[in-house]
Amino acid sequence: MTPIIWRDANVGDAEALAYLGAATFMATFAFDHPGQPMMEHLRQEHSAEYYAQALCDPATDILMGETPLGAPVGYAMITPAAHRELQQDCDIELKRIYLLGPWQGSGNGKGLLELVFAVAEKRRAKRLLLSVYEKNVRAIGFYERAGFAAIGETVFMVGQVPFRDLVYARNMD
Numbered sequence: 000m001t002p003i004i005w006r007d008a009n010v011g012d013a014e015a016l017a018y019l020g021a022a023t024f025m026a027t028f029a030f031d032h033p034g035q036p037m038m039e040h041l042r043q044e045h046s047a048e049y050y051a052q053a054l055c056d057p058a059t060d061i062l063m064g065e066t067p068l069g070a071p072v073g074y075a076m077i078t079p080a081a082h083r084e085l086q087q088d089c090d091i092e093l094k095r096i097y098l099l100g101p102w103q104g105s106g107n108g109k110g111l112l113e114l115v116f117a118v119a120e121k122r123r124a125k126r127l128l129l130s131v132y133e134k135n136v137r138a139i140g141f142y143e144r145a146g147f148a149a150i151g152e153t154v155f156m157v158g159q160v161p162f163r164d165l166v167y168a169r170n171m172d
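At position 167 of the sequence shown (counting the first as 1) the number is 166 in numbering that gives the first Met the number 0, and the numbers step up by one without a gap.
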């Protein structure tokens with residue numbers, strides 16, 4: 000397998016992140032997300048403009064993985080926590096962790112998650128939160144093996160279509 004080189008993303012990576020985010024979102028969720036709402040979601044939440052804005056936000060960290068030739072294959076986005084009713088002081092959120100299929104299952108996801116934990120520690124987070132689609136059984140197993148536990152649920156909108164997400168937390172101490 001082609002190795003992944005991980006680094007902090009910068010504003011010049013916005014377009015690559017948009018393509019990567021859209022590709023991985025569709026590959027993961029096209030099985031039960033209606034087409035037009037998914038396209039609307041991708042236009043809003045996976046545009047180059049969205050990522051450019053996120054990359055300029057000092058409260059957001061984006062780790063990007065590339066092949067040695069510079070092709071983007073994965074990323075993680077860490078933000079302030081967005082689950083007001085479930086969060087505690089000093090929580091941050093793993094908003095996105097995406098890895099193209101050919102790079103899954105060989106330890107790359109675990110390695111990326113370790114880098115996310117290092118960001119959480121640098122930010123002095125007490126807990127790391129994330130939300131995961133209730134039908135994404137593979138991701139749920141991955142998070143549970145990494146020490147996350149379910150603490151609630153939320154609604155994730157794809158266009159105007161609601162989906163039930165489970166909210167997980169992992170103590171960082």
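Each residue gets a CB set at the ideal place from its N, CA and C atoms; glycine is no exception.
Bounds of any alpha helix (DSSP H) do not take in Thr78; it lies within the beta strand (DSSP E) bounded by Pro71 to Pro79. Between the stretch 147 to 157 and the stretch 79 to 90, the count of C-beta pairs closer than 8 Å reaches three or more; the two stretches touch.
Between the alpha carbons of Asp172 and Gln35 lies a distance of about 42 Å. Here Pro2 carries a coil assignment [DSSP, helix/strand/coil]. Counting only the Cα atoms, Phe147 lies some 15 Å from Glu133.
When the beta-carbon positions are compared, Ile96 and Ala124 stay at least 8 Å from each other. Within the stretch 113 to 156, the runs of beta strand (DSSP E) that reach at least 3 residues and sit entirely inside it are, in chain order, 126 to 132. In terms of CA proximity to Val136, Phe28 leads the group His45, Phe28 and Leu16. Note on Met63: 16 or more other CB atoms within 10 angstroms of its CB, so buried under the neighbour-count rule. Note: Gly64 is bridge-paired with Trp5 and Gly73 in the DSSP secondary-structure output. Asp164 carries a strand assignment under DSSP once its states are collapsed to helix, strand and coil.
Take the alpha-carbon of Gly140 and the one of Ile77: they are about 20 Å apart. Using a 10 angstroms sphere on the CB of Glu65, the tally of other CB atoms reaches 16 or more, which defines it as buried.
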